[in-house]
Structure formats: structure tokens, C-alpha cells
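Q:
2 protein chains.
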Amino acid sequence: MSKNAKFDRAEVVEKATNLYWEKGYHGTSMRDLQATVDLRPGSIYAAFGSKDNLFKEAINHYANSTGKLLQLCLDETSSPLAGLKLFIRKITIENRENAPSDMCMIVKSISELTDNDNKELLDEAKALLNGVESRFADIIEDAMQTGEISSNKNAMDLARYMQVQIIGLRTYSRVNDDQTIIEKFIDDIFVGAPFH
Amino acid sequence: MSKNAKFDRAEVVEKATNLYWEKGYHGTSMRDLQATVDLRPGSIYAAFGSKDNLFKEAINHYANSTGKLLQLCLDETSSPLAGLKLFIRKITIENRENAPSDMCMIVKSISELTDNDNKELLDEAKALLNGVESRFADIIEDAMQTGEISSNKNAMDLARYMQVQIIGLRTYSRVNDDQTIIEKFIDDIFVGAPFH
DNA sequence: ATGTATAATGAACGAGTGTTCCACTTGAAA
DNA sequence: TTTCAAGTGGAACACTCGTTCATTATACAT
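Read top to bottom, the protein sequences are chains A and B. All residue numbers for the first sequence refer to this note's numbering, where the first residue is 189 and numbers rise by one. All residue numbers for the second sequence refer to this note's numbering, where the first residue is 189 and numbers rise by one.
1. Do we get a CB-CB distance below 8 Å when we pair SER299/A with the residues of chain B?
2. Whole angstroms are fine: how far does the CA of GLU282/A sit from the CA of ALA143/A?
3. Could you pull out every residue in the same chain whose Cβ sits closer than 7 Å to the Cβ of GLU329/B, ignoring the five residues on either side in sequence?
4. Which chain B residues sit within Cβ distance under 9 Å of HIS249/A?
5. At a CB distance below 9 Å, what residues from the segment 255–279 of chain B approach chain A? Give them in sequence order.
6. Step through the CB atoms of chain B and report whether any lies within less than 8 Å of the CB of MET293/A.
7. Return the chain-ordered list of same chain residues with a C-beta closer than 8 Å to the C-beta of ASP303/A, the five sequence neighbours on each side being excluded.
8. Could you name each continuous alpha helix (DSSP H) segment of 4 residues or more that falls completely within the segment 217–290 of chain A, going from the start of the chain to the end?
9. Taking ARG348/B as part of the alpha helix (DSSP H), name the residues at either end of that continuous run.
10. With DSSP as the reference, label GLU336/B as helix, strand or coil.
11. Within 10 angstroms of the Cβ of SER175/B, are there 16 or more other Cβ atoms? Answer buried if so, exposed if not.
12. Counting Cβ pairs, one atom from each stretch, are 3 or more of them under 8 Å apart for the segment 209–226 of chain A and the segment 205–220 of chain B?
13. Can you tell me which of the three DSSP states VAL363/A falls into?
14. Just tell me which of THR368/A, ASP365/A, GLN353/A and TYR250/A has its CA closest to the CA of PHE378/A.
15. Would you mind giving the Cβ-Cβ distance between CYS261/A and PHE275/A, rounded to the nearest angstrom? I have them listed as a contact below 8 Å.
16. Output yes or no for whether 8 Å exceeds the beta carbon distance between LEU242/A and GLU336/A.
17. Along the segment 206–217 of chain B, where does the CB come closer than 8 Å to a CB of chain A? Name the residues.
18. Nearest to MET294/A by CA position, among LYS244/A, VAL201/A and ASN286/A, is which residue?
19. Hey, would you say THR205/A sits closer than 8 Å to TYR250/A, going by beta carbons?
20. Have a look at ALA331/B and LEU221/B and give me their C-alpha separation to the nearest angstrom.
21. Rounded to the nearest angstrom, what separates GLY255/A and ASN286/B at their Cα positions?
22. Note down, in chain order, all residues in the segment 298–330 of chain A with a beta-carbon under 7 Å from any beta-carbon belonging to chain B.
23. Please list the terminal residues of the continuous alpha helix (DSSP H) segment that includes THR302/A.
24. Applying a beta-carbon distance threshold of less than 7 Å, which residues of chain B neighbour GLN351/A?
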């Protein structure tokens, strides 16, 4: 063996994630990254291999953190739907000021990446968004089990509905960030047609 | 006087728009543009000034075309809401294969541009999206006049609701492009809570 | 036919891109 | 204390970026 006391990898990924999240894949240069994670190219490339690879690790870290936040919301509320609602409130309102961007990093990535130029990263982002959707479906099935939602509904349909509302709302909130309007919209999501 | 038989400016803007729409602002290089509009840098810079300026013209052209499409949909249907629904169907399903991207170019731009690095273009895009929203509000007010919608609803609220649904659905359709699901979703938009 | 103002061309500029390479440093094993 | 594989720093590479500008081509007025 030899030396192994390097930088804190988790911390580097966290910082890289925030930069990619803010500026997007194309808007972030390796020199931007080098500066914000305070590492020289040699170290970054030894640890992550390429800009693409670092991005992949970043977006996975993002999805992971978001998943943990969702679980936290479910744990501190009394029902699946209440947890879901708290989660939406957190990402659209409460965590807004500290977040690098108003929008979901996965959605931003899906929006800017193309099949022609960045197929691999795009597919990664799509897979992660699908992961979120099936997590939503699980939660909704829990809600059907407890009777919070009528059990003759289709969980996948509702999960999809949730997904569209959140994507739409977060993007919309970049143009109109009136907090009361956003809050009202969140309330309306849960009395929307698919739930009846 | 002297020479004035130049290239067709409208045609150049159209081609530039499609490229920006597909690849985004950062993903499109001036050399990409030079190739697709078949002009040398000198001509482009004489006519448009800069990459930013050309983008501004492109996104305005896009908003204009979309506005015309919406009007067309209203003209060939029997009610404001039917027109709106046809419009949504067109942009999400019918025009899909010919379009450079599944998503709305304005939304893509709002998603990728930042206040720090591209404030001017971002503000332009936001203004255009707000323009769409007030157009929606006008249409909804028409629908209230004809009794298609209860007139104790708030037109701005409904316009905002439409906006969020369209943004969410178009983005979502990039991950799941099952046509029957998209169609079902469009139907559901118009029986959604805000309409009752 | 000639002169002239304007448009189009494309080489070139400096700065920035992702990435590589190698000399240097480090710290655990011997 | 010596050894040496692994980690780090930073100059440099080949290329691309947005943009400029001197040159050449063009078409109208005379």
C-alpha cells in the first residue's frame, strides 16, 4: 500500500452536483468545476474519468438526495398523501432559497440533453425520472391500502399525474414565483380529477 | 444604391430557430448555425450582430409561429375550449414528428438559461411565456362569455393551470411517449378541478 | 461601360474547451 | 529509515468557441 488520504469524495460530488444543477451540463465547464471543488484536473480525472462521468455521478447523487427527502417527508407526516404534499411544498417553496435552481435537476437535464449528442446521459436522466415515478406509484398504493385514495384508481395513472404536476409547477415557478399562487396550486393538485 | 439581393432573412431565422430549438442555446455553436443556414460568419454577424441576438430573434419567431398555430386551432373549431384542446393535441402529438424537439422552445430556454450568465435572454423567454399565458386568459374569458365555462371562475387562474399542464405534459412526454396516455391526459386536463 | 456602395467570403484572432501527461509529494509497508 | 505505489498540481495539448476584418464579388445608378 501507499498513500490514500485524499479529498472527501462525497463532498466533491455534492459541490459538483450543485454547480451542474445550477448551470446545466453544457453551461458548466471543467474549469468551473475545478474551481468550485478546489481540485486540479489531474485529481478530477483520476477520480471521475471525464466530464460526462462526473455528471452521471452528480445526477445520481441528486436523485438519491431527493429520494431521501421524500422519505423524510413521508416519515414526519401521518399519511402517504400528506407526505407527498409536504414533499412538493418543500421542493417548490421551503428549500427554494438554498437550492442552486428552482427546477428539478433531472428535468433540466432531460430538457437540455439530446439523443444525438448526449444519448447516454439523457438515458440516465430518463431512468432516474422513471424511478421517481414508480416511487410515487408505491406511495399511492400505500394510500389506497389505507383508504386515503379509492382503491379502484390506477396507481400508475396517479403517479404520472403527480409527475406532470410537479414538473409543470416547478418550471412555472421560475416565471411566476408568487408564493400564495404556488401554494394554492399545490392544494388543487390533490383535489384534481384523477383522484375522483 | 448598390447590391441588395441578399439571402432570405426569414428562411435563415426559421432554420436557426429549428437548430436552437433542438440543441438549446448552449448546445448550439455558431459553426453549427453557419452550416445549417449556409452563410459565412461575416454575413451572419452583419445581419444579426451576435449569437445572443440571433437567438433572441429565433425565440421570438418561435413564439410568433406558436401564436399563429393557436389562432389556427381556434379558427377551425367551434368553441374556445375545443380550440385550446386541439392546440394542445397538435403540439404534443400531431406536430411531434416534424418538430426539432418534443418540448416547447421557450420552456427549454427558461430551463437552461440562468440569471447570472444569460439574464437578458432569460428575461426575453420569460416575457414570451407570460405572453402565452395572457393569450390563454383571453381565450378562457371568451369561453366564459359563451357560457362554455362558468363565469364565476378566474380566467388568470385557469390560464395558469393550462400553462402548468402543458409544460408538464410536454416535458413528461419526452420520457414516456405512449400516445394513448398523452391523449388521455389531455382529456383529463379539461375536466380538472379548476374548471369546476 | 463604369463607378460605387453594399453584401458575402473565409482566414484568422484570442480566449476557452475537455483532457493528458509528468514531475512532484505523500504516507503506509518493509 | 527506506521504499514506492498512489495522489496531486499545473503546464500544455489539440481543438472549438464567438467574433472580427480585409478582401472579393455583386448589382444598381450613372
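All C-beta atoms in this analysis are idealised placements derived from N, C-alpha and C, irrespective of residue type, glycine included.
A: Judging by the given coordinates:
1. To locate residue 299/A, count along the first sequence from 1; it is residue 111. For SER299/A, the answer is yes, since a Cβ of chain B falls inside 8 Å of its Cβ.
2. Since the displayed chain A opens at 189 and closes at 384, residue 143/A lies outside it and no answer follows.
3. The residue you call residue 329/B lines up with position 141 of the second sequence. Same-chain partners within the cutoff: ALA343.
4. Taking the first residue of the first sequence as 1, we reach residue 249/A at position 61. Going along chain B, no residue has its Cβ under 9 Å from HIS249/A, so there is no contact; the nearest lies around 20 Å.
5. none
6. For the purposes of this step, residue 293/A is taken as residue 105 along the first sequence, with counting starting at 1. No, its Cβ sits nowhere closer than 8 Å to a Cβ of chain B.
7. Working through the first sequence from its first residue, we reach residue 303/A at position 115. LEU310, listed in sequence order.
8. 218–225, 229–236, 239–263 and 268–277
9. What you label residue 348/B is simply residue 160 of the second sequence in a count that begins at 1. 343–360 is the span of the alpha helix (DSSP H), which, as asked, contains ARG348/B.
10. Within the second sequence, numbered from 1, the residue matching residue 336/B stands at position 148. Coil.
11. Outside the shown range of chain B (189 to 384) lies residue 175/B, about which nothing can therefore be said.
12. Result yes; three or more Cβ-Cβ pairs closer than 8 Å.
13. Within the first sequence, residue 363/A is the residue found at index 175, counting from 1. Note: VAL363/A maps to coil in three-state DSSP.
14. Here residue 378/A corresponds to residue number 190 of the first sequence, with the count starting at 1. Checking every option, the nearest Cα to that of PHE378/A belongs to GLN353/A.
15. As a first step, residue 261/A must be located in the first sequence, where it is residue number 73. As a first step, residue 275/A must be located in the first sequence, where it is residue number 87. 4 Å between Cβ atoms; contact.
16. Within the first sequence, residue 242/A is the residue found at index 54, counting from 1. Within the first sequence, residue 336/A is the residue found at index 148, counting from 1. Not in contact: LEU242/A and GLU336/A (Cβ atoms no closer than 8 Å).
17. GLU210, LYS211, GLY212, HIS214 and GLY215
18. Taking the first residue of the first sequence as position 1, residue 294/A is located at position 106. It should be pointed out that residue 294/A corresponds to Ile in this sequence rather than to Met. The shortest C-alpha separation from ILE294/A is found at LYS244/A.
19. Taking the first sequence and counting its residues from 1, the one referred to as residue 205/A is at position 17. Taking the first sequence and counting its residues from 1, the one referred to as residue 250/A is at position 62. Going by C-beta atoms, THR205/A is nearer than 8 Å to TYR250/A.
20. Numbered from 1 along the second sequence, position 143 holds the residue referred to as residue 331/B. Numbered from 1 along the second sequence, position 33 holds the residue referred to as residue 221/B. Between ALA331/B and LEU221/B, the C-alpha separation is close to 42 Å.
21. Walking along the first sequence from the start, residue 255/A turns up at place 67. Walking along the second sequence from the start, residue 286/B turns up at place 98. Distance between the alpha carbons of GLY255/A and ASN286/B is about 36 Å.
22. ILE298, SER299, GLU300, THR302, ASP305, LYS314, LEU317 and ASN318
23. Indexing the first sequence from 1 puts residue 302/A at position 114. Here THR302/A belongs to no alpha helix (DSSP H), and DSSP marks it neither H nor E.
24. Start at 1 with the first residue of the first sequence, and residue 351/A comes out as number 163. Residues of chain B passing the Cβ test: TYR360.
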